[in-house]
Amino acid sequence: MSDADRELRVSKIRNGTVIDHLEAGQALNVLALLGIDGSGGEGVSVGMNVPSDKLAKKDIVKVEDRELSQSEVDVLSVISPEATINIIRDYEVVEKKRIERPESVDDVLACPNRNCITNADEPVQTRFIVLEDGLRCGYCGEIVREDEVATHLNVS
Ligand code: CTP
Ligand code: ZN
22 MSDADRELRV SKIRNGTVID HLEAGQALNV LALLGIDGSG GEGVSVGMNV PSDKLAKKDI
82 VKVEDRELSQ SEVDVLSVIS PEATINIIRD YEVVEKKRIE RPESVDDVLA CPNRNCITNA
142 DEPVQTRFIV LEDGLRCGYC GEIVREDEVA THLNVS
């Protein structure tokens, strides 16, 4: 048995997307961001604190029968910019996507400012401008620092 086989914690998938090299601790945030909760019937595997060459420990998420688009994966830049995305078809990696940092992210974060128009009774969808070390609300200017992002995810 090779080292790779011995270290395989989550089985290979036939078709779908593997989100690899996630910062340890981010797997569940990734699922929340992508709106994946298993209710669609898709196969979802999650590995947490998996040993890795590149990082001391990593998280990994595998979503079967769904190929994430570039704009879907770019949203992940706000929590795990170093992640790599592998598109799998018939067990082969057919494409590797790198996350690109988008200029803004829509409907992903909730604004921490209670008086922001995005928190009104008839709220408008949030838009955050992506800065180097955080994000700025496009409506009220409130800043969400990089290390605060996970606590402001717009999940219902
Ligand atoms: N993978 C999978 N199912 C497949 C093929 C690959 O779950 N049918 C997973 C692998 O376990 C790995 C990731 O997809 O976590 C990327 O696969 P591969 O490119 O073969 O691995 P590496 O060369 O180690 O990738 P990298 O260069 O990104 O480290
Ligand atoms: Zn705001």
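Counting the sequence shown from 1 gives a position; our numbering is that position plus 21. All C-beta atoms, glycine included, are put in the ideal place defined by N, C-alpha and C.
In this structure, V65 lies away from N107, with their beta-carbon atoms at least 8 Å apart. Taking 7 Å as the cut-off, the C-beta of T139 counts as close to a heavy atom of the ligand ZN. Counting C-beta pairs closer than 8 Å gives fewer than three between the segment 120-127 and the segment 61-75, which falls short of the contact rule.
Restricted to the segment 43-107, the alpha helix (DSSP H) segments that are unbroken, complete and at least 4 residues in length are 48-55, 91-95, listed in chain order.
Taking G68 as the centre and dropping the five residues before and after it, the same chain places the C-beta of R30, V31, I81 closer than 6 Å to its C-beta, in chain order. If you ignore the 5 residues before and after N70, its C-beta comes within less than 6 Å of the C-beta of A45, K78, all in its own chain and listed in chain order. The three-state secondary structure of T38, taken from DSSP, is strand. Its Cα nearest to that of T147, the residue A131 stands out among G62, A131, A141.
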